[in-house]
Every structure is written in C-alpha cells, then in structure tokens.
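**Q**
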Amino acid sequence: MLTIIGGLPATGKTTIARTLAREVGAVHLRIDTIEQAIVRCGFGQQPLGPIGYDIGYALAADYLRQGLSVVAESVNPLEVTRSAWRAAAAGFPVVDVEIVCSDPIEHRRRAETRVLDIPDLKPPTWEQIVNREYEPWTTERVVLDTAGRPVGDCVAELRKALSP
Numbered sequence: 001m002l003t004i005i006g007g008l009p010a011t012g013k014t015t016i017a018r019t020l021a022r023e024v025g026a027v028h029l030r031i032d033t034i035e036q037a038i039v040r041c042g043f044g045q046q047p048l049g050p051i052g053y054d055i056g057y058a059l060a061a062d063y064l065r066q067g068l069s070v071v072a073e074s075v076n077p078l079e080v081t082r083s084a085w086r087a088a089a090a091g092f093p094v095v096d097v098e099i100v101c102s103d104p105i106e107h108r109r110r111a112e113t114r115v116l117d118i119p120d121l122k123p124p125t126w127e128q129i130v131n132r133e134y135e136p137w138t139t140e141r142v143v144l145d146t147a148g149r150p151v152g153d154c155v156a157e158l159r160k161a162l163s164p
C-alpha cells in the first residue's frame, strides 16, 4: 500500500508519517530528505522543482514492487504531484492523506519554533507557508487535523481510517 501524506509545512506531517511507518512496518519516504541530499551534492538549490518528487515516485514504485508498504511524505501542493504519486503506485492500493492544523496560532508557533533534523535544511518562514501555492484537493482523501492533539491520537485516527 502507498499512503501519500501531504499538507503545508509545520502541520505535523513528518511526525505522523514516521510514527505511522514505524507502527505498520512501512518505508518512510520523505521528499525533504531527497531534496536536501541533491542540494548538498551541489546539483541545485531550493526550490528544486520536480526533481525530488520524481525521485520519490521512482523509489515508491520500486519499494511497492518489492512488496513493501510506503508512507510517502511531502507538501504535495499540486494536483499534478498528487496524481503522479497515484500513478507511481501502478495498481497497488493508494490512500491520500492531507494533514492540516486548523489553529493558525498553533500552526504559526510550530513553524517558528520547530527544529529540523535534516542538516542544512532551512525551514520556510510563516509568511512563505501561508503564501505558498497550494491547490485545493479535488480527489477523495483522509483529512487529519493535528491542532491541539497528541501524536498518538492522530496516528490512531489515521490507522483507523486506513483499515479496510
């Protein structure tokens, strides 16, 4: 199964994706990790455009063909990226998940105080987050609101939504 986790920065995507992947024994595929490796190697600077996502699609497809479940995590702001993830699954089950933080004060606090675990990755400012291009979703998805909620509760809700 491919679980595609998207949402604006600082909504809790990485924390949710890591916890979910660990609990279900899936591979956690993080676009930020891929993109920052490209930057560190001197092959570009942020924003990179589609290259990180294209690598992510290829890795997800490869892992799925190996019989591994994948939790792919990225902002996933455009319908073109969302449909590309689904295409990468090539017949495997897919679930789209949008992580949101409905409390703008909490969301801003998270954005301004978070510590990233990827060396040299510069987090976006609050202004960049709220002004980011982010197309409305037009397909079915699970929406998970992390505002004021512990991670365990969010992951439990998501696991319930992912169960057949």
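Numbering of the sequence shown is given in the numbering used here, commencing with residue 1 and proceeding in unit increments.
All residues carry an ideal CB built from backbone N, CA and C; glycine is no exception.
Quantities reported herein were computed from a predicted structural model and do not represent experimental measurements.
If you drop the 5 nearest sequence neighbours on each side, which residues of the same chain put their C-beta closer than 6 Å to that of Y57?
**A** Within the sequence shown, the letter at position 57 stands for residue 57. Excluding sequence neighbours, Y57 sits near A84, A88.
**Q** Say whether chain C places a C-beta atom closer than 8 Å to the C-beta of V142.
**A** In the structure shown, chain C does not exist; there is a single protein chain.
**Q** For the segment 29-37 against the segment 45-61, do three or more pairs of beta-carbon atoms, one drawn from each stretch, fall closer than 8 Å, so that the two count as touching?
**A** Cβ pair count under 8 Å is three or more, so yes.
**Q** When you compare the CB positions of I129 and S74, do they come within less than 8 Å of one another, or not?
**A** Counting from 1 along the sequence shown, the entry for residue 129 is found at position 129. Counting from 1 along the sequence shown, the entry for residue 74 is found at position 74. Going by C-beta atoms, I129 is not nearer than 8 Å to S74.
**Q** Between the C-alpha atoms of E127 and L116, what's the straight-line distance to the nearest angstrom?
**A** The count along the sequence shown starts at 1 and reaches residue 127 at position 127. The count along the sequence shown starts at 1 and reaches residue 116 at position 116. Distance between the alpha carbons of E127 and L116 is about 18 Å.
**Q** So G152 is in the alpha helix (DSSP H); what residue range does that whole segment cover?
**A** Start at 1 with the first residue of the sequence shown, and residue 152 comes out as number 152. Residues 151-162.
**Q** Going by CA-CA distance only, name the one from G12, T3, V155, F43 that's closest to A60.
**A** Taking the first residue of the sequence shown as 1, we reach residue 60 at position 60. Ranking the options by Cα distance to A60, first place goes to T3.
**Q** Just checking my contact of A72 with L29 at CB under 8 Å: how many whole Å lie between their CB atoms?
**A** Mapped onto the sequence shown, residue 72 falls at position 72. Mapped onto the sequence shown, residue 29 falls at position 29. With a Cβ gap of about 5 Å, A72 and L29 count as contacting.
**Q** Does DSSP put R30 in a helix, in a strand, or in coil?
**A** Taking the first residue of the sequence shown as position 1, residue 30 is located at position 30. If DSSP states are grouped into helix, strand and coil, R30 belongs with the strands.
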